[in-house]
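2 protein chains.
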Amino acid sequence: MPAKKTLFSALEIEKRLSEAGVQPTAQRIALCRYLLCEADHPTADEIKKWADLNFPKISMATVYNTLKALVDAGILKEFKFPHSDSAVYDCNTSVHYHFLDEKTGELFDIAPEAVNLSVKLQDKFKVTEIQVLFRGRKK
Amino acid sequence: MPAKKTLFSALEIEKRLSEAGVQPTAQRIALCRYLLCEADHPTADEIKKWADLNFPKISMATVYNTLKALVDAGILKEFKFPHSDSAVYDCNTSVHYHFLDEKTGELFDIAPEAVNLSVKLQDKFKVTEIQVLFRGRKK
DNA sequence: ATATTTGCAAAGCCTTTGCAGGGGA
DNA sequence: TCCCCTGCAAAGGCTTTGCAAATAT
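Chains as they are written, first to last, in the numbering used here: chain A, 6 to 144; chain B, 6 to 144.
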């Protein structure tokens with residue numbers, strides 16, 4: 006079951022893009038409707054497949070350009086996980102962790118509240134971010 | 006500073022490979038001298054570069070074949086981290102975490118004792134492995 | 001009018017594969 | 001002998017880039 010998503014209108018998306026300094030072109034708005042409302046950790050390829058059905062003639066280059074623009078603008082986060090060569094994109098930009106189902110390759114967001122993490126690294130290590138990946142099997 | 010390494014002799018390496026069920030060919034022994042004694046999270050490419058200097062005429066295919074054999078035999082662990090498309094190989098096969106220096110790309114092993122991690126995931130998530138990556142800057 | 005964005009194709013990087021020749025058990 | 005290993009070159013998957021045409025401000 007994918008995470009619950011808010012349904013943004015094209016106008017809301019346009020506003021959000023503008024405010025983030027991203028030119029709200031038709032292609033970018035279309036992709037955002039998928040990325041922000043529907044998708045759950047999609048790969049560039051899955052995004053392209055969706056676009057082919059819903060907004061014909063977006064090129065792969067535009068998909069990647071758009072993803073880069075959205076990541077740079079802080080609207081998306083890009084993740085790369087060890088089980089796949091493809092990056093996935095997450096509209097959940099707040100701190101959280103992930104669970105990977107080894108069998109299906111499915112990813113699930115894990116709220117930071119579920120994890121108690123305290124660390125005592127040597128002083129020389131200045132940590133700015135911690136990524137945690139739980140691997141296993143989901144029932 | 007790379008982690009301290011044991012210096013194995015060719016004979017010791019040969020024994021270890023045999024015991025792990027890996028045919029100890031000249032190329033594999035050579036690569037192991039680097040992987041087990043010298044290298045610190047090398048990529049396939051770095052391994053190849055070392056080989057070009059120290060054991061001319063090992064092909065990239067053999068490097069990858071050897072790495073796969075060693076990983077399958079449990080002698081190495083393969084890791085993929087988000088900052089790079091290249092896999093890295095770690096002769097530390099026990100449970101441990103990593104610190105990534107964002108500036109240099111250098112990786113450091115973090116002992117599990119330095120990390121206190123307790124998790125309360127929903128029952129449906131059966132966790133078999135946890136990967137933790139600390140990102141930041143090393144002084 | 002000027003700067004961005006788009007789409008196509010080509011190139012790039014990392015890794016795997018097919019296959020013929022070679023070496024170890 | 002037989003099977004595994006090696007090396008080369010080619011192919012594969014994902015992403016980036018160059019460039020001309022189209023679009024936005």
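From the three backbone atoms N, C-alpha and C, an ideal C-beta is built for every residue, glycine too.
Name the residue from the options whose alpha carbon lies nearest to the alpha carbon of residue i.
| i | options | result |
| --- | --- | --- |
| Lys-143 (chain A) | A:Ile-135, A:Gly-110, A:Glu-134 | A:Gly-110 |
| Glu-118 (chain A) | A:Asp-128, A:His-101, A:Asp-57 | A:His-101 |
| Gln-136 (chain A) | A:Lys-129, A:Ala-116, A:Asp-128 | A:Ala-116 |
| Ala-78 (chain A) | A:Tyr-39, A:Phe-139, A:Arg-33, A:Thr-11 | A:Arg-33 |
| Thr-98 (chain B) | B:Val-27, B:Asp-114, B:Asp-90, B:Lys-108 | B:Asp-114 |
| Ala-35 (chain B) | B:Glu-107, B:Lys-53, B:Ala-25 | B:Lys-53 |
| Glu-107 (chain B) | A:Ala-44, A:Glu-134, A:Thr-67, A:Pro-29 | A:Glu-134 |
| Gln-127 (chain A) | B:His-103, B:Leu-122, B:Pro-47, B:Val-68 | B:His-103 |
| Ser-91 (chain A) | A:Lys-129, A:Lys-10, A:Pro-47 | A:Pro-47 |
| Leu-112 (chain B) | B:Val-68, B:Tyr-69, B:Lys-129, B:Asp-45 | B:Asp-45 |
| Tyr-39 (chain B) | B:Glu-51, B:Pro-29, B:Thr-30 | B:Glu-51 |
Should residue i go down as buried or exposed, given a rule of 16 or more other Cβ atoms within 10 Å for buried?
| i | result |
| --- | --- |
| Ala-1 (chain B) | This structure cannot settle anything about residue 1 (chain B), because the visible part of chain B is limited to 6 through 144. |
| His-88 (chain A) | exposed |
| Leu-22 (chain B) | buried |
| Ala-56 (chain B) | buried |
| Ala-66 (chain A) | exposed |
| Leu-58 (chain A) | exposed |
Do residue j and residue i have their beta-carbon atoms positioned less than 8 Å apart in this structure?
| i | j | result |
| --- | --- | --- |
| Gly-141 (chain B) | Lys-85 (chain A) | no |
| Phe-60 (chain B) | Leu-41 (chain B) | no |
| Leu-72 (chain B) | Ala-49 (chain B) | yes |
| Leu-105 (chain B) | Tyr-94 (chain B) | no |
| Ile-63 (chain B) | Cys-37 (chain B) | no |
| Val-120 (chain A) | Val-124 (chain B) | yes |
| Leu-122 (chain B) | Leu-122 (chain A) | yes |
| Lys-20 (chain A) | Glu-43 (chain A) | no |
First and last residue of the alpha helix (DSSP H) that includes residue i?
| i | result |
| --- | --- |
| Gln-32 (chain B) | 31–42 |
| Thr-67 (chain B) | 65–77 |
| Asp-45 (chain B) | Element bounds for Asp-45 (chain B): n/a, residue is neither H nor E. |
| Lys-82 (chain B) | Taken as a continuous stretch (DSSP letters only), Lys-82 (chain B) belongs to no alpha helix (DSSP H), being part of the beta strand (DSSP E) at 82–84. |
| Ser-89 (chain A) | That residue, Ser-89 (chain A), is in no alpha helix (DSSP H); it is neither H nor E in DSSP. |
Tell me the residue span of the beta strand (DSSP E) that contains residue i.
| i | result |
| --- | --- |
| Lys-143 (chain A) | 130–143 |
| Ser-14 (chain A) | From DSSP, Ser-14 (chain A) is part of no beta strand (DSSP E); its letter is neither H nor E. |
| Leu-126 (chain B) | Per DSSP, Leu-126 (chain B) belongs to no beta strand (DSSP E) and is neither H nor E. |
| Phe-60 (chain B) | Note, Phe-60 (chain B): premise wrong, no beta strand (DSSP E); not H, not E. |
| His-103 (chain B) | 102–106 |
| Val-27 (chain A) | No beta strand (DSSP E) holds Val-27 (chain A); DSSP gives it neither H nor E. |
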